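Residue numbers (UniProt numbering): 1 to 217.
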Amino acid sequence: MLKEKKIIGGGYRLNFKCPCCGSLDRDRLIYLYLLYKTELFNKSVKLLHVAPEISLSKKFQACKNLDYLTADLYNPSVMVKMDIANIQYPDTLFDVIICNHVLEHVVDDRKAMSELYRILKWGGWAILQVPLSLQLHETYEDQNITTPRERERVFGQNDHVRIYAKDYRHRLEKVGFKVEEFNWNSDERFGRLKNQFGLNKEEYIYFVSKLPTTQSF
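Here's what the structure looks like:
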């Protein structure tokens, strides 16, 4: 299914995992985006990292400017247990949220998107990556498909509940986010010519922000 629908960010890819640090291509893409396109490492920021990737988490923990919180529903090593469809934190708390390849596991993803929007400060922003197929115009999901075997057959992985499509950005916009899609191939700093960081050439960054704003991080 992953190959049939050409799902970007799904399955195994050439050079997708670094043999030294263990980072995946999507982890490296996010780090480079944060480094070159944001002020995350230069300002005092309250950061929520959902389902934290080890390679990124190590970087964030070493940054004294970050008030850093890790969260996950199942991983016992994180700081707090969190269901992103029912977040037990007040409104407008976090400056930045990173939630990478999580929403495809959440049954009520629209509720999760709304919750992430709710807890984000005005002027704050988030990176919300998902695997998606640009062959599809509309996200495919079926709540009657509940077994791991059927989910793997239909969605490409046994714990996925949908295949996102070109309409992913519209789902984000409907809950209030302003959405920007960043194509790293146009930026030399991302290793465009030689792809020295082993990035997925088809993967874009989904950078979302909460407006109106007078200040951004």
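C-beta atoms are modelled at their ideal positions from N, C-alpha and C, and glycine is treated no differently.
If you're wondering where the values come from, they're calculated on a predicted model, not measured in any experiment.
Residue burial classification, residue i (beta-carbon count within 10 angstroms, cutoff 16)
i	result
His170	exposed
Pro52	buried
Tyr206	buried
Val80	exposed
Ile54	exposed
Lys58	exposed
Asn183	exposed
Tyr204	buried
Ser77	exposed
Lys5	buried
Ser186	exposed
Asn200	buried
Coarse secondary structure for residue i, derived from DSSP in three states
i	result
Asp109	helix
Asn185	helix
Val154	helix
Lys81	strand
Tyr168	helix
Ser216	Low local confidence applies: a pLDDT of 48 at Ser216 is under 50, so the model's placement there is unreliable, and no value is given.
Glu104	helix
Ile98	strand
Phe190	helix
residue 219	Past the boundaries of the shown model lies residue 219; the chain is included only from 1 to 217, so the question cannot be answered.
Asp27	helix
Spatial distance of residue i from residue j (CA atoms)
i	j	result
Ala71	Trp122	21 Å
Ile30	Val130	12 Å
Lys210	Lys174	12 Å
Lys116	Ile97	Note on residue identity: the sequence assigns Leu, not Lys, to residue 116. Computed Cα separation, rounded: 8 Å.
residue 303	Ile127	Residue numbering for the chain in the displayed model covers 1 to 217; residue 303 lies beyond these limits and cannot be assessed.
residue 248	Glu39	With the chain covering 1 to 217 only, the question about residue 248 has no answer from this structure.
Thr147	Asp159	9 Å
Tyr164	Leu66	31 Å
Arg28	Glu104	20 Å
Val179	Ser23	26 Å
Ile119	Arg151	31 Å
Leu134	Pro90	35 Å
Ala62	Glu188	27 Å
Leu172	Leu93	19 Å
Arg149	Asn75	23 Å
Gly176	Gly124	13 Å
Beta-carbon proximity check, residue i vs residue j, cutoff 7 Å
i	j	result
Thr139	Asp167	yes
Val161	Val107	yes
Leu34	Leu48	no
Phe190	Leu32	yes
Ile7	Glu202	no
Does the segment 109 to 118 touch the segment 82 to 90, meaning 3 or more C-beta pairs lie closer than 8 Å?
-> Yes, since at least three Cβ pairs between the segment 82 to 90 and the segment 109 to 118 fall closer than 8 Å, the two stretches touch.
Do the segment 30 to 45 and the segment 141 to 151 meet, that is, are 3 or more Cβ pairs less than 8 Å apart?
-> Too few Cβ pairs lie closer than 8 Å, so no.
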